[in-house]
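Residues in the sequence shown are numbered consecutively from 1, following UniProt numbering.
Just so it is clear, CB atoms sit at the ideal spot from N, CA and C, and this is done for glycine as well.
What follows is a short report on a single structure.
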Amino acid sequence: MAAEGEYESILCVKPDVNVYRIPPRASNRAYRAADWKLDTPDWSGRMRITAKGHIAFVKLEDKVSGELFAQAPIKEYPGVTVETVSDSSRYFVLRIQDDSGRSAFIGVGFEDRGDAFDFNVALQDHFKWVKQENEFSKNAQLGDSGPKLDLGFKEGQTITLNIGQGRKRDKPRPQGSGGFGLLPPPPGGKIAPPPLSGSSNHNIVPQTGDMTTGCLLELDSSNSNTVVQSNASSDLWGDFSAPASSVAPPSPPENAGNWIQF
1 MAAEGEYESI LCVKPDVNVY RIPPRASNRA YRAADWKLDT PDWSGRMRIT AKGHIAFVKL
61 EDKVSGELFA QAPIKEYPGV TVETVSDSSR YFVLRIQDDS GRSAFIGVGF EDRGDAFDFN
121 VALQDHFKWV KQENEFSKNA QLGDSGPKLD LGFKEGQTIT LNIGQGRKRD KPRPQGSGGF
181 GLLPPPPGGK IAPPPLSGSS NHNIVPQTGD MTTGCLLELD SSNSNTVVQS NASSDLWGDF
241 SAPASSVAPP SPPENAGNWI QF
């Protein structure tokens, strides 16, 4: 039964509906509207479908006075309270119930097929809503009684976040004989010799080989002994000719006796 504090809502109202007295069903086969006296209905009036809580009520009322003729409380649909017939979509079998709890089966039918469709849809929508409400309440109960997931940090627990840092690739370094990495010389450059100090007491011995070119070195002779060795074959200046005063004049030719000597 519905709770006392719940309000009653109207789902559908149909002004014309016919009620038929149907014979008891002898077997388990479905009801047939052709077995009823469709031309002479036992009662005619209006149908009003209401809902109070999860229970729907199909009420048959008088068109003028609104007096209640019969009602059928429906707790589930489809079910035994409302059944369809096998030979028509406009007729249904309805189980009515009075205040004392006694029940009986009657046949109801609509003149218009659209009214029968609206009657069917109104009951389907209501019990679809009832099903959703039951699922919501069940999930709420499971959520309250079920174990809760603890996402908090434990005592002493920390996390590390790497934001915007990519992996760096290690470049191989050349290994020397001693196992230490040596940097390569700069490209295209030469290592200049250390500057010579004038106060050094070292002996500087520049040697020249068979080179075709040479260089002149200015060395400071203070407190240092300089020994320069040169090869005769590598003389850059060559052999010098004697001066003109030391060269003997050429002898006159033998046949120059006829010439006067000045």
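Tell me whether residue i, by its Cβ, gets closer than 8 Å to a heavy atom of the ligand HEM.
| i | result |
| --- | --- |
| W36 | For the ligand HEM, the structure offers nothing, since it holds no ligand at all. |
Put residue i into one of helix, strand or coil per three-state DSSP.
| i | result |
| --- | --- |
| V130 | helix |
| S27 | coil |
| D42 | coil |
| V64 | coil |
| L123 | helix |
| K52 | strand |
| K154 | coil |
| N162 | coil |
| K14 | strand |
| E6 | coil |
| K138 | helix |
| V227 | For V227, the predicted model reports a pLDDT of 45, less than 50, meaning its position is unreliable; a value from the coordinates is still stated below. Coil. |
Under 9 Å between the Cβ atoms of residue i and residue j?
| i | j | result |
| --- | --- | --- |
| T84 | Y91 | yes |
| E67 | M47 | no |
| I106 | R21 | yes |
| A116 | L11 | no |
| F56 | P73 | Before going further, note that residue 56 is Ala rather than Phe in the sequence given. Cβ distance < 9 Å, so A56 and P73 count as in contact. |
| D112 | D39 | no |
| V82 | V93 | yes |
| A30 | S86 | yes |
Residue i: buried (16+ other C-beta within 10 angstroms of its C-beta) or exposed?
| i | result |
| --- | --- |
| N18 | buried |
| G101 | exposed |
| Y7 | exposed |
| I163 | exposed |
| K59 | buried |
| I49 | buried |
| G109 | buried |
| F119 | buried |
| D210 | Confidence is the limiting factor: at D210 the pLDDT is only 48, short of 50, which leaves the residue's position unreliable and the question unanswerable from this model. |
| G156 | exposed |
| A33 | buried |
| K14 | buried |
So, under 8 Å CB-CB, residue i and residue j are touching, yes? Tell me the CB distance rounded to an integer number of Å.
| i | j | result |
| --- | --- | --- |
| F69 | W43 | 6 Å |
| H126 | A51 | 5 Å |
Query raised in the report: Which parts of the segment 71-114 are runs of the beta strand (DSSP E), unbroken and 3 residues or longer, counting only runs that do not cross its ends?
Result: 82-84, 91-97 and 103-109
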